[in-house]
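Below is one structure, written out as structure tokens; the observations come after it.
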Amino acid sequence: MLNLITKNPQSHQSILDEIARQGAVQMLVNALQREVSEYVADHASEVDSNGHRLVTRNGKGQPRKITFGSGQVEIQAPRVNDRRDGQKFTSMILPPYLRKSPNIESLLPVLYLRGLSTGDFREALSSILGEGARGLSPGSIVSLKRSWEKEFDDWRKLPVTERFVYVWADGVNVKIRIGEDKRLCLLVIVGVTETGEKRLLAVEPGYRESADSWKSVLKSLTDRGMQAPLLAVADGALGFWSALEDLKIFQDTKKGRCWVHKIANVLNCFPKRLQGQVKSLLHDMMYSETKSDANMSRKRFAHLYHEKYPKGVDKLEKDWRELTAFFDFPASHWQSIRTTNPIESTFATVKLRTKVTKGAGSEKAASAMAFKLLLEAQKKWRRIRKPEAAQDLLRGVVFRDGVVLHSLQNQEGVA
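Written out as structure tokens, the structure reads:
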């Protein structure tokens, strides 16, 4: 097989796909065999009047086609003859009417948000899963979307019981096909719990620059039990900041600006021939070891450019306090809290849409699909580095330049 792959590079994908499908078949068959063996063994002592076992193997069932992430495979599940009154063997691994792996549903919101209409799903999924993929008809997809909308509505009402140390906020634009406005902004908030886990907190349609839109989102979270985080990170252009200031509960939440957005905005004030040099200087500030070092780099930047490019210098300096807020938090968390990357990276496939995509159907559908996309992404989100430092923050430990300065316990000891 290795020789075949080397001589015919175009066959790489088809061979790998087939290996994945066969591997899925083998793993599933092995698991089913073990399940049946254990079931039969558990009831080996149960016999009839002639001493014959009441629970025995009974060959294989009819072939069934099952859809997995690796494609469609054909399975013959082992059968059990259970002659006990009122008893019947039912596989927990492969229930009688299962035709597709639940994980296949994670593909659908991604494809939908990328602009596929309901009628396009069959062709798109067939190219991924193989011809003849079952259980993925337009009707079943419409039904799934309805269930996602209900799941989304229920999720928006759940109490917020976890304690959040950090939150990121961003407004993400998606296209929709229905309604006068063909663009929809989704207001998204993601948080970090005291154990370092990242959680989706909000996905709501609204206006990116509107303080009222963001205030509604934040009010919903606090009404459901959310406590104020220690730090909020977002782009400076959002109405999020005005909303945060209007709600008294967030008065002690520190404000952090996203460096990625800021660097892009500053670069727009410079000619292309200077942008490489300017970007390098901005990175020096962003990745400084201490706030003092960052301040020195900022002053050097201002000295170089304030006369010819004052707008660029002003854009940097007006948010300097917020841009350097991360220095007052654990250095192990800096990579996570300098930007809104957790939201940006998740929505990369939505933001970078091509002209040929058609967009999600409606505001309600787009919101529900984004919710499903983020829930799928959340399963793969990694905890922040050294999550125990998040608990230190909540206990009152003070950090400066990323390292512990003192804690409340130390203060009490001195007193």
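Residue numbers (my numbering): 10 to 424. Every residue gets a Cβ at the ideal spot worked out from N, C-alpha and C, and that includes glycine.
Specify, as a first and last residue, the run of the alpha helix (DSSP H) that ASP221 falls within. The count along the sequence shown starts at 1 and reaches residue 221 at position 212. Start and end: 220–232.
Beta-bridge partners of ASP91, as assigned by DSSP: Taking the sequence shown and counting its residues from 1, the one referred to as residue 91 is at position 82. As DSSP reads the structure, ASP91 sits in a beta bridge with VAL64.
In terms of residues, what are the limits of the alpha helix (DSSP H) holding GLU316? Position 307 of the sequence shown, counting from 1, holds the residue named residue 316. Where GLU316 is concerned, there is no enclosing alpha helix (DSSP H), given that its DSSP letter is neither H nor E.
Would you tell me roughly how many angstroms separate the C-alpha atoms of LEU11 and ILE75, rounded to the nearest one? As a first step, residue 11 must be located in the sequence shown, where it is residue number 2. As a first step, residue 75 must be located in the sequence shown, where it is residue number 66. Below a pLDDT of 50, predicted positions are generally treated as unreliable, and LEU11, at 33, falls in that range; the measurement from the model is reported next regardless. So the two alpha carbons sit approximately 29 Å from each other.
Kindly indicate which residue of VAL176, GLU213, TRP177, GLU203 has the alpha-carbon position closest to the one of LEU193. Residue numbering aside, residue 193 sits at position 184 when the sequence shown is read from its first letter. Minimum Cα distance to LEU193 is reached at GLU213.
If you draw a straight line from the C-alpha of LEU41 to the C-alpha of SER100, how long is it? Translated into the one-based positions of the sequence shown, residue 41 becomes position 32. Translated into the one-based positions of the sequence shown, residue 100 becomes position 91. LEU41 and SER100 have their alpha carbons spaced roughly 8 Å apart.
Collapsed DSSP secondary structure at TRP343 in the structure displayed: Counted from its first residue, the sequence shown places residue 343 at position 334. Helix at TRP343.
VAL199 beta carbon less than 9 Å from that of PRO351: The count along the sequence shown starts at 1 and reaches residue 351 at position 342. The count along the sequence shown starts at 1 and reaches residue 199 at position 190. In terms of Cβ geometry, PRO351 and VAL199 form a close pair [threshold 9 Å].
Beta-carbon separation of LYS166 and ARG233 under 9 Å? On the sequence shown, position 157 is the one that residue 166 refers to. On the sequence shown, position 224 is the one that residue 233 refers to. Yes, they are a contact pair.
Of the choices THR349, LEU290, ALA252, GLY68, whose alpha-carbon is the least far from that of VAL322? Locating residue 322 in the sequence shown gives position 313, where the first residue counts as 1. Closest option to VAL322, Cα to Cα, is LEU290.
Where THR349 falls, given that 16 or more other Cβ within 10 Å makes a residue buried: Counting from 1 along the sequence shown, the entry for residue 349 is found at position 340. So THR349 ends up on the buried side.
Backbone CA spacing between ASP163 and ARG66 [nearest angstrom]: Position 154 of the sequence shown, counted from the start, is the residue given in the question as residue 163. Position 57 of the sequence shown, counted from the start, is the residue given in the question as residue 66. If you take the alpha carbons of ASP163 and ARG66, they lie about 44 Å apart.
Secondary structure at ASP410, three-state DSSP: helix, strand or coil? Sequence index remark: in the sequence shown, residue 410 carries index 401 (1-based). Reduced to three states, the DSSP call for ASP410 is coil.
Return yes when the Cβ of ARG93 is within less than 9 Å of the Cβ of GLU47, no when it is not. Start at 1 with the first residue of the sequence shown, and residue 47 comes out as number 38. Start at 1 with the first residue of the sequence shown, and residue 93 comes out as number 84. Contact: no.
Straight-line gap, VAL38 to ARG73 (C-alpha atoms, nearest Å): Looking up residue 38 in the sequence shown gives position 29. Looking up residue 73 in the sequence shown gives position 64. Spanning the two alpha carbons is a distance of roughly 12 Å.
Spatial distance of HIS61 from ALA50 (CA atoms): Along the sequence shown, read from residue 1 onward, the residue named residue 61 stands at position 52. Along the sequence shown, read from residue 1 onward, the residue named residue 50 stands at position 41. Going by the C-alpha atoms only, they are around 14 Å apart.
Looking only at its own chain, which residues have a Cβ that is under 8 Å from the Cβ of THR202, when we skip the five neighbours before and after it? Within the sequence shown, numbered from 1, the residue matching residue 202 stands at position 193. GLU171, ARG172, PHE173, VAL174, ARG208, ALA399, listed in sequence order.
Hey, could you find the ends of the beta strand (DSSP E) ALA211 is sitting in? Reading the sequence shown from its first residue, position 202 is the one you call residue 211. It spans 207–215 - the beta strand (DSSP E) in which ALA211 sits, taken as one unbroken run.
For ARG404, which residues from the same chain have a beta carbon less than 6 Å from its beta carbon, with the 5 sequence-adjacent residues on both sides left out? Residue numbering aside, residue 404 sits at position 395 when the sequence shown is read from its first letter. Result list for ARG404: empty, nothing under 6 Å.
State buried or exposed for HIS270, treating a residue as buried only when at least 16 other CB atoms are found within 10 Å of its CB. Along the sequence shown, read from residue 1 onward, the residue named residue 270 stands at position 261. Burial call: buried.
Beta-carbon separation (whole angstroms), PRO319 vs PHE408, contact threshold 8 Å: Position 310 of the sequence shown, counting from 1, holds the residue named residue 319. Position 399 of the sequence shown, counting from 1, holds the residue named residue 408. Rounded, the Cβ-Cβ distance is 34 Å, inconsistent with contact.
In whole angstroms, what separates the C-alpha of SER376 from that of SER229? Here the question's residue 376 lines up with position 367 in the sequence shown. Here the question's residue 229 lines up with position 220 in the sequence shown. Looking at the two C-alpha atoms, the distance is approximately 16 Å.
Which one of LEU240, PRO87, GLN71, VAL183 has the shortest CA to CA distance from GLU331? For the purposes of this step, residue 331 is taken as the residue at position 322 of the sequence shown. Closest option to GLU331, Cα to Cα, is LEU240.
Helix, strand or coil: which one does DSSP assign to LYS264? Numbered from 1 along the sequence shown, position 255 holds the residue referred to as residue 264. DSSP, read as helix, strand or coil, puts LYS264 in strand.
Taking the DSSP output, what are the residues bridged to GLU83? Against the sequence shown, residue 83 aligns to sequence position 74. LYS74.
Where does ARG192 sit, in a helix, a strand or coil, going by DSSP? In the sequence shown, the residue the question calls residue 192 occupies position 183. Strand, per DSSP.
Bridge partners for GLY180 per DSSP, in chain order? In the sequence shown, residue 180 corresponds to position 171, counting from 1. Answer by DSSP bridge pairing, in chain order: LEU196.
Report the start-end ranges of each beta strand (DSSP E) in the segment 261–307 that is 3 residues or longer and not cut off at the edges. The segment 261–307 contains these whole beta strand (DSSP E) runs: 263–266.
How would you write the range of the beta strand (DSSP E) that LEU240 sits in, first residue to last? As a first step, residue 240 must be located in the sequence shown, where it is residue number 231. Per DSSP, LEU240 belongs to the beta strand (DSSP E) from 240–243.
Between which two residues does the alpha helix (DSSP H) harbouring PHE380 extend? Translated into the one-based positions of the sequence shown, residue 380 becomes position 371. 372–387 is the span of the alpha helix (DSSP H), which, as asked, contains PHE380.
Since GLY176 and LEU210 are thought to touch, with beta carbons under 8 Å apart, how far apart are those beta carbons, to the nearest angstrom? Mapped onto the sequence shown, residue 176 falls at position 167. Mapped onto the sequence shown, residue 210 falls at position 201. It should be pointed out that residue 176 corresponds to Val in this sequence rather than to Gly. Between VAL176 and LEU210 the beta-carbon gap is near 7 Å, inside 8 Å, which marks them as a contact.
Residues of its chain near PHE249, where Cβ-Cβ distance is below 7 Å and the 5 sequence neighbours each way are ignored: Position 240 of the sequence shown, counted from the start, is the residue given in the question as residue 249. Excluding five sequence positions before and after PHE249, the CB atoms of its chain that fall closer than 7 Å to its own CB belong to ALA178, TRP223, ALA243, given in chain order.
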